[in-house]
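In the working numbering, the protein residues as written are 24 to 308.
Written as structure tokens, this is what we have:
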């Protein structure tokens with residue numbers, strides 16, 4: 024998973040432990056603020072050296088079926104948890120293709136429903152802050168407010184467990200690989216879209232809400248969820264609790280994409296990317 028870095032924030036600095044985490048997992052939206060997310064500092068600190076998060080959650084309004092390959096082959100799994108106190112979703116990768124032959128696109132939706140209906144289960148996935156679906160207008164998503172009820176399988180959200188790795192007894196580790204169905208391959212976004220993201224800015228600020236430290240993240244809606252980029256490894260990989268992180272310069276031809284220096288990419292322990300030692304060819308994630 025490629026994770027563009029945000030520029031250094033101008034407001035008062037956060038402790039390095041929190042700032043470093045947020046810059047690793049967040050994209051870089053533009054100066055015209057239209058998205059705001061407020062998360063407890065304790066949640067971010069807990070994720071400091073981790074690729075994944077494991078929470079107890081219930082599934083709410085699961086998507087009826089996986090997206091077709093032309094869209095991204097994902098299955099949306101909206102989640103509610105006391106451990107992440109904003110609306111967030113999980114996404115099963117390769118849900119349209121990694122299923123028994125002849126079964127419909129609803130296969131994993133049906134299996135997750137059977138696994139979770141009426142009960143909370145343990146859920147693990149890659150913890151991501153990505154301001155992809157913020158509320159409209161000036162609404163703020165904050166852990167200080169009650170999580171609203173979901174009306175569909177794609178509620179307003181700026182936090183994801185994407186890709187989902189486990190839901191109860193269901194294991195999706197083998198789904199974390201290039202998005203494809205048979206000989207057809209899904210093409211993610213490339214250097215042009217990455218430049219758009221890198222030209223945006225993000226502000227990060229520590230605030231107090233009801234006496235508890237929170238981190239305010241402000242920017243604008245950022246799309247471009249899947250990437251197909253060619254990278255050059257520029258430093259030795261860093262071992263994380265549950266995976267590996269490596270720094271990449273992203274290339275277009277033989278030239279580095281402007282501002283795409285030393286971007287962070289991570290691999291989950293046990294996935295094909297981890298086993299291949301983060302090959303310099305980074306496919307859609």
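Note that beta-carbon positions come from the ideal geometry of N, C-alpha and C, so glycine has one too.
DSSP state of residue 49, grouped into three classes? At residue 49, the pLDDT of 37 sits below 50, so the modelled position is not reliable and the matter cannot be decided from this model.
Taking DSSP as the reference, what is the three-state secondary structure of residue 297? Note: residue 297 maps to helix in three-state DSSP.
Ends of the alpha helix (DSSP H) at residue 132? 130-139
Along the beta strand (DSSP E) that carries residue 98, what are the first and last residues, could you check? 98-103
As assigned by DSSP and simplified to three states, the class of residue 166: coil
To the nearest angstrom, report how far apart residue 288 and residue 269 are at their CA atoms. 5 Å
Local Cβ density within 10 Å of residue 178, reported as buried at 16 or more and exposed below that: It counts as buried.
Start and end of the alpha helix (DSSP H) containing residue 19? Absent from the model: residue 19. The displayed extent of the chain is 24 to 308, so no value can be given.
Reference residue 159, options 71, 280 and 243, closest by Cα: 243
Name the two residues that bound the continuous alpha helix (DSSP H) containing residue 69. 64-69
CB-CB length for residue 130 against residue 156, believed under 8 Å: Between residue 156 and residue 130 the Cβ distance is about 25 Å, and since that is not below 8 Å, they are no contact.
Per DSSP, cross-strand counterpart(s) of residue 151: 183
Start and end of the beta strand (DSSP E) containing residue 236? DSSP places residue 236 in the uninterrupted beta strand (DSSP E) bounded by 235-242.
Beta-carbon gap between residue 113 and residue 66 smaller than 8 Å: With respect to the 8 Å criterion, residue 113 and residue 66 are not classified as neighbours on the basis of their beta carbons.
What does the alpha-carbon distance come out to for the pair residue 122 and residue 264? 30 Å
Could you tell me whether the stretch 131-141 touches the stretch 204-222, where touching means 3 or more Cβ pairs closer than 8 Å? no
Could you check if residue 140 is buried or exposed, using at least 16 other CB atoms within 10 Å of its CB as the buried criterion? exposed
Rounded C-alpha distance that separates residue 163 from residue 150: 20 Å
Residue 257 to residue 84, Cα distance in whole Å? 42 Å
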